[in-house]
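One structure below.
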Amino acid sequence: MQSFRTEIEDPIVQKDIIDLEKKIALFRDGKIDDERFRSLRLARGVYGQRQEGVQMIRIKLPFGKVTSQQLHRICKVSDEYSTGRLHITTRQDIQIHYVSLDKTPELWAELEKDDVTLREACGNTVRNITASETAGIDSDEPFDVSPYAHAMFQFFLRNPVCQEMGRKFKIAFSSSDKDTALSYLHDLGFIPKIVNGERGFKVMLGGGLGSQPQHAELLSEFIPVNQIIPTTEGVLRIFDRYGERAKRLKARMKFLIKDLGKDEFLRLVEEEKKALSYKTVEIDTNAFDVEIPTPLLEVPKVTVEDTNAFEAWKKSNVIPQKQAGYVAIGIKVHLGDFYTDKARALADLIKNYAANELRFSLRQNIIIRHVKEENLPFFIKN
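Residue 7 is where the sequence shown starts when you use the numbering used here, and the numbers rise one by one after that.
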């Protein structure tokens, strides 16, 4: 296991993985109990299975975005450490099963070679931040929410404020008022708005499912984009401080808001925000404001033989993009399960003939983005 320690460039990530390795050794030696170890491994994406001796690994993919290189890396670890089956979750993660606990540090180190993490994919943390899979291409969106979801992910990853909360915390970004990311079912939900030329978000608070489903309440009709992170931190700090810890079924934020009352909860959040060392956080969108890359290979010309079937496929699987001349292709994945052979073929397809990016959806499907409409006959054949 020594090799992976020298292969990780980021010292913070390296320390995290080595810490997991050490805690596994302590657990094996009986020096830490199961409950303490459980909290640590869950916050590192390692989830127990019913089958003894193996774990489910949850791979955290912010807003479901994955590149060809990352998908190939995920396939590699799935084949080497698991069974070659990939499962898309309703939070746009990937799960693999039947992984030996002792192998999880090596697996994590392999993923980090292509900037893929397990950190805080499970446990009482800020879970994977989800977003509409059409964000950035949605013709109804005021602006692309992807960079804001990404900034939120980066800010709260390993952030001390959300490592040992009473319960998990879920955040979603919808691309428009159609709310395709289901913000009203999240602890915090963000819907983009432009008011007097300024970007911001309508923010929903305290939604959730479970045995007592709760529709989110309105936190604000408009919060400028540079205030969404301080607002989120204020909410997290109040949830962490006042939330239920003894009774797990009552530990979600919706119950805390009910107990305190919405007005008192929001008052506490505003007081907490005054104590933060920053009142705004500027979010860089430059990495997302780029031209659609040209495919590496020229797309072969393909003749459509069954035009009726082709038109039916376009109607059910093809989404027009806001970028003129481009479309996205939806791929239905039964129960969210697919295998590494198909995933590798898909990774090569998007690298060579699309824009080297796909997104997993909340409904456990796949979206290929930035396909020229004239090239659709080639994609239906492949």
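Where a beta carbon is used, it is the ideal one built from N, C-alpha and C, also for glycine.
Asked, Found
"Within the continuous beta strand (DSSP E) that includes H376, where are the two ends?", "I372 to K378"
"Nearest to I102 by alpha carbon, out of T286, N232 and D85?", "D85"
"Cβ atoms of G70 and R365: under 8 Å apart, would you say?", "yes"
"Could you have a look at M171 and say whether DSSP puts it in helix, strand or coil?", "coil"
"Cα-Cα, which of Q55, I94 and K66 is closest to I337?", "I94"
"Under 8 Å between the Cβ atoms of D22 and Q76?", "no"
"Count the other C-beta atoms from every protein chain shown that fall within 10 angstroms of the C-beta of D25, then say buried if there are 16 or more, exposed otherwise.", "exposed"
"Taking the C-alpha atoms as reference points, what is the distance between M7 and R251?", "Confidence at M7 is low in this model, with a pLDDT of 44, below 50, so the placement of that residue should be treated as unreliable; the coordinate-derived value is given next. Computed Cα separation, rounded: 37 Å."
"Which value, in whole angstroms, describes the spacing of the CA atoms of F271 and G240?", "10 Å"
"Which residues bound the alpha helix (DSSP H) around K260?", "M259 to L266"
"Does T110 come out as helix, strand or coil in the three-state DSSP assignment?", "helix"
"Using only the alpha-carbon positions, how far apart do G172 and C128 sit?", "13 Å"
"Assign D269 to one of two classes, buried (16 or more other C-beta atoms within 10 Å of its C-beta) or exposed (fewer than that).", "exposed"
"What does the Cβ neighbour count give for I200, buried or exposed, with the cut at 16 atoms within 10 Å?", "exposed"
"Just reading off the alpha helix (DSSP H) that V55 is part of, what are its end residues?", "Note that residue 55 is Gln in the sequence shown, not Val. From DSSP, Q55 is part of no alpha helix (DSSP H); its letter is neither H nor E."
"Which residue's Cα is closest to the Cα of L225: N232, T238, P219 and G216?", "T238"
"Can you tell me whether R375 is buried or exposed, with buried defined as 16 or more other CB within 10 angstroms of its CB?", "buried"
"Could you check the C-alpha separation between N371 and H340 for me, to the nearest Å?", "8 Å"
"Within 10 Å of its beta-carbon, does A318 have 16 or more other beta-carbons around it, so buried, or fewer, so exposed?", "exposed"
"Take D144 as the anchor and find which of R133, K184 and H156 has the nearest alpha-carbon.", "K184"
"Going by the beta-carbon positions, is the gap between V132 and Q61 smaller than 8 Å?", "no"
"In the DSSP assignment, what are the bridge partners of K199?", "G206"
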